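Mind the numbering: the sequence shown is residues 89 to 429 in the working numbering, read in order.
Note sheet for the following structure.
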Amino acid sequence: MIKVLISFGTRPEAIKMAPVIQCLKKDNRFDVKVLVTAQHREMLDQVLEVFKITPDFDLNLMKANQSLNQLSANILQNMDSIYQNFRPHILLVHGDTLSAFVVAQSAFYNQIDIGHVEAGLRTYNLKSPWPEEGNRQLISKISNLHFAPTELAAECLKKENIQLDNIYITGNTVVDALLSVSDQILPLPIKYNGSKWNLDEKIKKILITGHRRENFGQGFINICQAIKDLALKYPAIEFIYPVHLNSYLILTDSGGIQEEAPSLGVPILVMRDTTERQEAIDAGTVKLVGTETASITFWVETLLENSELYHQMARANNPYGDGTASIKIKQILLDKYSHTI
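See the structure below:
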């Protein structure tokens, strides 16, 4: 059997790795174990419940006010015992989190192959996003297999002299996850502390998410001022922070939502100065608007008042795949590790 250890620690990683876990576990040629660092404990558990995933190893390392150095050290200290219990042929990590980098580092030190899901995303600015840009570049240097979501991501890896026959364009597993759960989510009541939000489905909603470290300070002040100005100008529209499924428009500094929303036909304005997801901009689903109040309000007003431009963005194709990334990853693993079966 092909022994695979799949590791993640945050909610976005869990969402994007869930389809891979489900796909591999359905095939009896794989022995799959799941490791969670619990870098984001509560939010991670929500996703595990939705996808019905039970971790085999739970480091449970979430602590209040824990520094990145402390979290890194705690992860590394726990990994040797994991490998003594289960030594995989390959470790799969996702993206650019601290958990992904440190667990990959531990596998490298134990001479265990590493497969990097969502490989090749780049801004080439180590301060934006920080520390994610550094994490993912470092993971690429020690990985054996690189599962790039798009041709552009694969090109970045090629320019960095990654071995060509170890680079695979698979699409993004977040599309697999979105398509697999969208039918389940739609009928569910929206709950918060046991009660329901009183949201009128007939009213347009604008979803806002924001969390990037590089936006802390003046960036968020500008964003909040823009939201306030827009809410006063458009009182008939609901501006919702942080979540709602039926959004008319999304304002975000998040990476993952840039990949998800196009499949739902929702335009996105990205409140950052750089993005590693140029494909979405090129496809027309996303517009990079920065963090200046005037720019944010201008583009929201434009999309609210220019229906032709709005529908043009809403109808754009999702450049991140068709929901088969997990199947492609499984086949690549079968081809590479067939000698272990």
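A virtual CB, placed ideally from N, CA and C, is assigned to each residue, including glycine.
As the structure is a prediction and not an experimental result, all values here were calculated from the model.
Could you tell me whether the region 261-270 touches the region 400-413, using the rule of 3 or more Cβ pairs below 8 angstroms? At 8 angstroms Cβ cutoff, the stretches touch.
Contained alpha helix (DSSP H) runs [length at least 4] in the region 340-390, N- to C-terminal order: Runs of the alpha helix (DSSP H) spanning 4 or more residues and lying entirely within the region 340-390 occur at 344-352 and 366-371, in chain order.
DSSP three-state assignment for G59, whether helix, strand or coil: Here the chain comprises residues numbered 89 to 429, so residue 59 is not present and cannot be evaluated.
For I109, which residues in the same chain have their Cβ closer than 8 angstroms to its Cβ, ignoring the five residues on either side in sequence? I94, V120, V122, F139 and I141
Identify which residue in D133, V358 and D317 has its Cα closest to the Cα of L337. V358
Grab me the residues of G307's own chain with a C-beta within less than 7 angstroms of its C-beta, minus the 5 sequence neighbours each way, in chain order. T379
How about K321 and D115: are their beta carbons less than 8 angstroms apart? no
Beta-carbon proximity check, L233 vs I296, cutoff 8 angstroms: no
Going along the chain, which residues of its own chain have a beta-carbon closer than 6 angstroms to the beta-carbon of L397, five neighbours each way excluded? none
Interface flag, V124 vs chain D, CB-CB below 8 angstroms: Here there is only one protein chain, and chain D is not present.
Report the three-state DSSP secondary structure of S95 (helix, strand or coil). strand
Considering only residues of the same chain and omitting the five flanking positions on each side of M150, which have a CB-CB separation below 6 angstroms? A126 and R129
Go through its chain and collect everything with a Cβ distance to S160's Cβ below 7 angstroms, but skip five positions before and after it. L186 and V190
Does T428 come out as helix, strand or coil in the three-state DSSP assignment? helix
Looking at the structure shown, is L149 part of a helix, part of a strand, or coil, going by DSSP? coil
If you compare alpha carbons, which of S383, A368 and T363 is closest to A349? A368
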